[in-house]
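Asks: Residue 50 is where the sequence shown starts when you use my numbering, and the numbers rise one by one after that.
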Amino acid sequence: MVGARQIRAMIVLLGLGGCTLQEITIVEVEDVVVAEVHVQIGEGLFAGDRVTAFLHRTVGGVGPGFHPVPGAKIVITRQGGASVELAETAIERCVTVTPKGGTGTCYWVAPTASAGFGPGDHLQLRVDLASGGVLTSGTVVPGDFAILGITEGAQCLLPASTPLTIRWSASEGTWAYVNETVIVGIKDAFAPLGIDVKSDTLELLGLSISASDTTIVFPGEFGIFSRFELDQELATSLQDGLPAGVRAPVMISATDRNYVNWVRGGNFNPSGQVRVPSVRGDGTGVFASSVTRTFEVVVSAASSQGPPSASACPVS
50 MVGARQIRAM IVLLGLGGCT LQEITIVEVE DVVVAEVHVQ IGEGLFAGDR
100 VTAFLHRTVG GVGPGFHPVP GAKIVITRQG GASVELAETA IERCVTVTPK
150 GGTGTCYWVA PTASAGFGPG DHLQLRVDLA SGGVLTSGTV VPGDFAILGI
200 TEGAQCLLPA STPLTIRWSA SEGTWAYVNE TVIVGIKDAF APLGIDVKSD
250 TLELLGLSIS ASDTTIVFPG EFGIFSRFEL DQELATSLQD GLPAGVRAPV
300 MISATDRNYV NWVRGGNFNP SGQVRVPSVR GDGTGVFASS VTRTFEVVVS
350 AASSQGPPSA SACPVS
């Protein structure tokens, strides 16, 4: 039997095509809960670990704007250890930008309530939805590692116009390293070079795509994903280092298999990114873990101009 929606579709096609009658089946898009759960083990500038879960729904079947997933019970358990339950909190603690007209529900472990997780831990996730559904997953936190020649969370002084090769020890079990920096104070610093920068901060992302790739050049190789968006003069200047007067926290994160599969997705798809989920059950999503190490670069014309507690960056 042809449904009412199929009849309407055929009427439209009949009016447009004249003599050709075609039947089109309209597929209902299933409403699915998506759970994006991240365990980030970090010290230094982050002053502790970060455990968040962002739950939202696909738009199909429920109408636009209906995305929150409140009332879920989210528990993460360490193998052979204790469990921690995440609490519902403000959405800004999970995401900085949401799709237009959409939202979701954020859960987290407050910094004052330490989760007690560490590098190498085997973690299990269970999400009990208020509607009765259950989602599960597991992750192995990447192994511990350290940035070579720089103390965790410390500042180091870098001469102006000097690239810095950052090296770190390998993290067992990691699938890739995600390298981030936020360069602060660039507007005034680049002005004497004749480079007009609209914003005073610049966020750059770098990537080491294998567990054995444990070096990256700062700041030039951090802008690999922004090279088509950056001003050409600015991008060229970054290859030679930074001018005096800027600061830049640097974060090196060893990420697990689940994170890489979710971000990288499958093979090339002309329709866009294909995410590979690691969450099973009555929904989909990712349960990812990472270990982050941080330090801050202070660029100065002379070592005497930097903070008294800062040592020289290990420039080779």
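C-beta atoms are modelled at their ideal positions from N, C-alpha and C, and glycine is treated no differently.
Helix, strand or coil: which one does DSSP assign to residue 129?
Replies: Here residue 129 sits in coil by DSSP.
Asks: Do you know whose CA, among 222, 258, 299 and 278, lies nearest residue 214's CA?
Replies: Of the candidates 222, 258, 299 and 278, the one whose C-alpha sits nearest the C-alpha of residue 214 is 299.
Asks: In the DSSP assignment, find the unbroken alpha helix (DSSP H) run with residue 311 in it and report its ends.
Replies: From DSSP, the alpha helix (DSSP H) with residue 311 extends over 306-313.
Asks: Please tell me whether residue 340 and residue 302 are closer than 8 Å, where the distance is taken between their beta carbons.
Replies: For residue 340 and residue 302, yes; Cβs fall inside 8 Å.
Asks: Contact check, residue 85 vs residue 335 under 8 Å by CB: the rounded distance?
Replies: So it is a contact: roughly 6 Å between Cβ atoms.
Asks: Is it a yes or a no for the stretch 249-260 touching the stretch 219-227, going by three-plus beta-carbon pairs under 8 Å?
Replies: Cβ pair count under 8 Å is three or more, so yes.
Asks: I need the boundaries of the beta strand (DSSP E) containing residue 339, first residue and last residue.
Replies: Residue 339 -> beta strand (DSSP E) spans 333-349.
Asks: Mark residue 337 as exposed unless 16 or more other C-beta atoms lie within 10 angstroms of its C-beta, in which case mark it buried.
Replies: The residue is buried, with at least 16 neighbouring Cβ atoms inside 10 Å.
Asks: Anyone know if the C-beta pair for residue 165 and residue 192 falls short of 8 Å?
Replies: No; because the gap between Cβ atoms is not below 8 Å, this pair is not in contact.
Asks: Given a cut-off of 8 Å on the beta-carbon distance, is the pair residue 283 and residue 246 in contact?
Replies: Yes. Within cutoff.
Asks: Check whether the Cβ atoms of residue 116 and residue 145 sit closer than 8 Å, and answer yes or no.
Replies: Contact flag unset, no.
Asks: Please look up how many angstroms separate the CB atoms of residue 158 and residue 100, rounded, as I've assumed it's under 8 Å.
Replies: With 8 Å as the limit, residue 158 and residue 100 qualify as a contact, their Cβ atoms being about 4 Å apart.
Asks: What is the DSSP secondary structure of residue 362, counted as helix, strand or coil?
Replies: Residue 362 falls in the coil class under three-state DSSP.
Asks: Mapping DSSP to helix, strand and coil, what is residue 288?
Replies: In the structure shown, residue 288 sits in coil (DSSP, three-state: anything other than H, G, I, E or B).
Asks: Using DSSP with H/G/I as helix, E/B as strand and the rest coil, what is residue 283?
Replies: Residue state, collapsed to three classes: helix.
Asks: Could you spell out the range, first to last residue, of the beta strand (DSSP E) harbouring residue 103?
Replies: 99-106 is the span of the beta strand (DSSP E), which, as asked, contains residue 103.
Asks: Can you give, in chain order, each stretch of the beta strand (DSSP E) that sits fully within the stretch 218-289 and has at least 3 residues?
Replies: Those beta strand (DSSP E) runs which fall completely within the stretch 218-289 and span 3+ residues are 225-233, 250-257 and 264-267.
Asks: Which same chain residues end up closer than 6 Å to residue 178 when comparing Cβ atoms and leaving out the 5 residues on each side of it in sequence?
Replies: Hits under 6 Å: 121.
Asks: Give the DSSP-derived three-state secondary structure of residue 178 in the structure shown.
Replies: DSSP places residue 178 in coil when its eight states are reduced to three.
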